[in-house]
Each structure stands twice: as structure tokens, then as C-alpha cells.
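Novice:
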Amino acid sequence: MRARAAMLMEPGKPLEVDEIEIDPPQHGEVLVRVAAAGVCHSDLHYILGELPLVTPAVLGHEGAGRVEAVGPGVSDLQPGDPVLFIFRAFCGQCYYCRIGRPALCDYGTPIRTSGRMFDGKTRFHLNGRDIHHFLNVSCFAEYTVVPRQALLKLPADIPLDRAALVGCAVTTGVGAVLRATRVQPGESVLVLGCGGVGLNVVQGAALVGAWPIIAADINPQKLAWAQELGATHLVNTRERSLLEAVGELTDGRGVDYAFEVIGHPETIQQAYAATRKGGTTVIVGLAPAGSQLSLDLLPFFREERTLKATLYGSVDLPRDIPLFLELYRAGRLKLDELISQRFSLDEINLAFQALREGAVKRGVIAFS
Ligand code: COD
Ligand code: ZN
């Protein structure tokens, strides 16, 4: 079949929207009609060449849609079923899946690293040239082909544009608080970087009753949005020292938990410095490939610090994603409020421009 898709032809260039040829789903694969795709900063890292990927590729890793067709061997999904894309396809049976850490499962790794399906071929082509897959998803396209293991079936009542955000921003951010750590009511939290993912760390912290919830960013609009999602204190780090502000709010100790949601070694250092002795600094953002962090090990040891990373919020995807949707239904998790702008596929470079300018909470590519 033919469908329109947004492709990265080479890093550093804008995306190109064109009609591509899409092969039918092969064994264990599913053809999905994409309904909505979130515009996440991670895609921008790849567009800018900060993270490695095989090009040309159809980008997009946060999205939802409906099953259009299933390949041989897929018996538990039907055409029409609403589905969420999972950018870390997981087998459900290995050690990591069994201990509730499916994001660490290696099932989807060969596809992610080669940009090709298990048979070594791509399902996307442009004028006879292979176009690669991206993060097991490639949802910046009207239709995409993914392994069955990169999908979770969605309940029928969740609007697909709202559901799409659960594919990355919500799960990564809320999971960082609920699963990667176990923040207790009354514990102090710093969220450094209040973009689409950071706002979800803020709402996760509000959900568990953290206090204070200190939102820090260089963009005042992001801080205003963070306040709407539950931040109790705001720090514009262009205007004042983060350490000083955090010190004032924590009797000079630093926060119990600091979350870095930007992806820069310097801001990771800042978050670490703002964490109290015995506290935990959580790296949610991924710094450009090759970046290093230097750590003075003596105080790290004597001050009993914890520095940890979290991928996909460290959640148990099949258990926690239905829980997040249930919390949305109950009005405890905000999804409607996260989308500030909708774009068509043709406007995708505008959507990334808006993300770079800090003009959106979460932008969503809406497909008709
Ligand atoms: N100090 C304070 N705030 C800053 C600074 C700074 N020096 N620089 C940027 N910011 C703020 C921006 O104003 C913005 O509000 C925020 O940081 C970044 O937000 P967004 O909306 O641009 O980015 P998100 O939320 O879509 O993505 C953030 C990530 C950290 C997830 C992303 O950048 C990343 O590192 N991704 C790689 C990790 C990964 O692969 N995760 C899984 C898929 S997302
Ligand atoms: Zn993302």
C-alpha cells in the first residue's frame, strides 16, 4: 500500500514528508493506521544528530492508532482494535519481563539498532530505496508496520490522541516518580526541565503527595504549565541560582529527589548538586552520545548518594499503562491538559520548530 510518512533522510536536515510504499505485515507483525503521534524531544535529538540512528528512517515513537491488518501468527489483535505503540518492544517471557522491567528486554533491540525487521528487510520504501524503522514504532506516518510486541491493546473509551502521550511522555515522567523511585508523601522533589516529559514528572510528584515540588526551567511559560500540573514552587534558572532557591526551600539540605529531564551533562550536575545527602538524583534525559559525567567519588560515598537513570519510567508496561489510563478516567492523571497544539503531518517541521522554541507543552500530529 502507499501512505504518507515523515522521514529523516540524514541527520541535521528537516524531515521530508512523502508518499512511501509499505509492505504487508509479515509473521508476527501488525499494520497500524496511526491516529495521533506526539512530538517528543527524543526525536529531535535524532534529527539533530545527537543520538545515532540508521537513515533514512520514518521517525516517531509516541503514538496510538488502530490495527489495520495482522500478519501470520498474530492471533490476539483484530483489525479495528485501538493500540498504543511501545518504543521498547518486549517479549513478555525473558528475565527482565518476568521481573516487571520490560523496557530492559532485548527483544526489540536488533530492530532498533539495524532499523530493519527480523528478516533483515524494511517494510518502508521510497522509489525503490529502503526506508528504515525507528525505535520499533515509526509513527510519523499514516500507516506503520511494527512487531506485535511493540503494541499494547487500548481500552475503547480513551481518545487516541490522549492515549498517544502515554506511549512516552506520561509513562516516562509519571513512572520516574512512581516506579523508578518510591517518592513518599511530604518528600521534596526537584524537576529540572519542565517540557512534555518533565511536566509528567511534576504530575507524578503531585499524585504521590510530594512537597515541595520545585519546578525549574529557563522558560517562564513552562513554569506556569508546571504550576497547573502541581508544582508548588517555581525557579527560573535564567534568573536565579537553582542551588540557592532549593536551599531556601529545604533548610539548606537539598531535595530528597531531583529529576533531570533535559539531557545535558551540565544540568545532570546541577540536579545532583541540588540533591541532599542520602538523596537520589534521577536521570530521565539522555545526554548526546559520547557525553561524560564526572563524579567526585569521596563525597558520593560519604554522603551516601544515589544517582540513577530511568528508561520508560522503569514501569512494568502491561501492568502500569492500564493503571495510568484508569487514573486518567478517575481524573487523577491529566492527559487532556498536556496537549497544547495539534499539527498535520505536513506541518511536522513546524511542530519540531515549536518544540525547539519552547512554545508547546506537547504537540501532537493528528491524522485524519
Ligand atoms: N535549564 C533548565 N531547563 C532547560 C535547560 C536548562 N539548561 N535547557 C532546556 N530546558 C528545558 C526547556 O525549556 C524545556 O522546557 C525542557 O527543558 C525540555 O523539554 P522538551 O519538551 O523540549 O523535551 P521533552 O520533555 O519532550 O523530552 C525531554 C527528554 C529529557 C525526555 C529528552 O530530551 C531526552 O533526553 N530523551 C532521551 C531519553 C529517551 O530516549 N527517553 C525515552 C524516549 S523519550
Ligand atoms: Zn519520547
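In terms of our numbering, the sequence shown opens at residue 3 and continues consecutively. Cβ atoms here follow ideal geometry from the backbone N, Cα and C, with glycine treated the same way.
How many whole angstroms separate the CB atoms of Gly-67 and Leu-162, which I take to be in contact at a CB cut-off of 8 Å?
Specialist: Yes, they are in contact, since the Cβ atoms of Gly-67 and Leu-162 sit about 7 Å apart, within 8 Å.
Novice: Is Ser-44 near ligand 2, going by C-beta to nearest heavy atom under 6 Å?
Specialist: Yes, ligand 2 has a heavy atom inside 6 Å of this Cβ.
Novice: Is it buried or exposed for Gly-177, if we count other Cβ within 10 angstroms and need 16 for buried?
Specialist: Counting Cβ neighbours within 10 Å, Gly-177 comes out buried, since at least 16 surround it.
Novice: Report yes or no: do three or more beta-carbon pairs, one from the segment 273-280 and one from the segment 122-136, lie closer than 8 Å?
Specialist: Because the criterion of three Cβ pairs below 8 Å is not met, the segment 273-280 and the segment 122-136 do not touch.
Novice: Taking 6 Å as the line, does the beta carbon of Gly-292 fall inside it for any heavy atom of ligand 1?
Specialist: Flag unset: Cβ of Gly-292 not near ligand 1.
Novice: Buried or exposed: where does Asn-2 fall if 16 or more other Cβ atoms within 10 Å of its Cβ makes it buried?
Specialist: Because the chain here runs from 3 to 370, residue 2 falls outside it and cannot be looked at.
Novice: Given this structure, state the Cα-to-Cα distance separating Arg-100 from Gln-151, to the nearest angstrom.
Specialist: Distance between the alpha carbons of Arg-100 and Gln-151: 15 Å.
Novice: Note down the Cα distance separating Ile-265 from Pro-290, rounded to an integer number of angstroms.
Specialist: For the record, residue 265 in the displayed sequence is Gly; it is not Ile. Each residue's alpha carbon lies about 7 Å from the other.
Novice: In chain order, what residues of the same chain lie with their CB nearer than 6 Å to the CB of Gly-211, ignoring the 5 residues before and after it?
Specialist: Only Pro-187 meet the Cβ criterion.
Novice: Report whether the distance from the Cβ of Leu-225 to the nearest heavy atom of ligand 1 is below 6 Å.
Specialist: No, the Cβ of Leu-225 stays beyond 6 Å of every heavy atom of ligand 1.
Novice: Assuming the contact rule is C-beta atoms closer than 8 Å, Glu-70 and Val-34 should be a hit. Round their C-beta distance to whole Å, please.
Specialist: That belief holds up - the Cβ atoms of Glu-70 and Val-34 are roughly 6 Å apart, short of 8 Å.
Novice: Assuming the contact rule is C-beta atoms closer than 8 Å, Gly-206 and Leu-180 should be a hit. Round their C-beta distance to whole Å, please.
Specialist: The Cβ separation is near 6 Å, so the contact holds.
Novice: Just to confirm, are Gly-232 and Ile-215 a CB contact at a threshold of 7 Å?
Specialist: Yes, Cβ-Cβ distance for Gly-232 and Ile-215 is below 7 Å.
Novice: Closer than 6 Å to a non-hydrogen atom of ligand 1 - does that hold for the CB of Gly-265?
Specialist: Yes - ligand 1 has a heavy atom lying nearer than 6 Å to the Cβ of Gly-265.
Novice: Is Leu-375 helix, strand or coil by DSSP?
Specialist: As displayed, the chain neither begins before 3 nor continues past 370, which places residue 375 out of reach and without an answer.
Novice: With Gly-40 and Thr-174 assumed to form a contact (beta carbons below 8 Å), what rounded beta-carbon distance in angstroms separates them?
Specialist: Contact doesn't hold; Cβ gap of about 11 Å is too wide.
Novice: Ignore the nearest five residues each way along the sequence and tell me which others in Arg-118's own chain have a CB closer than 6 Å to its CB.
Specialist: Same-chain partners within the cutoff: Thr-124.
Novice: For Val-366, which residues from the same chain have a beta carbon less than 6 Å from its beta carbon, with the 5 sequence-adjacent residues on both sides left out?
Specialist: Excluding positions up to five away in sequence, the list reads Ala-38, Gly-40, Asp-163, Ile-341, Arg-344.
Novice: In the DSSP assignment, the alpha helix (DSSP H) including Glu-328 goes from what residue to what residue?
Specialist: Where Glu-328 is concerned, the enclosing alpha helix (DSSP H) stretches over 319-331.
Novice: Please give me, in chain order, every unbroken run of the alpha helix (DSSP H) with length at least 4 that falls completely inside the segment 68-112.
Specialist: Counting only runs of 4 or more, we get 97-100.
Novice: Could you tell me the distance, in whole angstroms, from the CA atom of Gln-294 to the CA atom of Pro-267?
Specialist: Each residue's alpha carbon lies about 7 Å from the other.
Novice: Going by C-alpha to C-alpha distance, which of Val-36, Leu-313, Ile-49 sits closest to Arg-103?
Specialist: Taking only the C-alpha atoms, the option nearest Arg-103 is Leu-313.
Novice: Which residues does DSSP pair with Ala-171 in a beta bridge?
Specialist: Its beta-bridge partners do not exist; DSSP assigns none.
Novice: So, using beta-carbon positions, are Val-168 and Phe-369 closer together than 7 Å?
Specialist: It is not a contact, given that the beta carbons lie outside the stated cut-off.
Novice: Please report how far the alpha carbon of Pro-84 lies from the alpha carbon of Ala-165, in whole angstroms.
Specialist: Answer to the nearest angstrom: the Cα atoms are 10 Å apart.
Novice: On a Cα-Cα basis, can you pick out the residue from Ala-143, Ala-5, Gly-198 that is closest to Lys-336?
Specialist: Among Ala-143, Ala-5, Gly-198, the Cα nearest to that of Lys-336 belongs to Gly-198.
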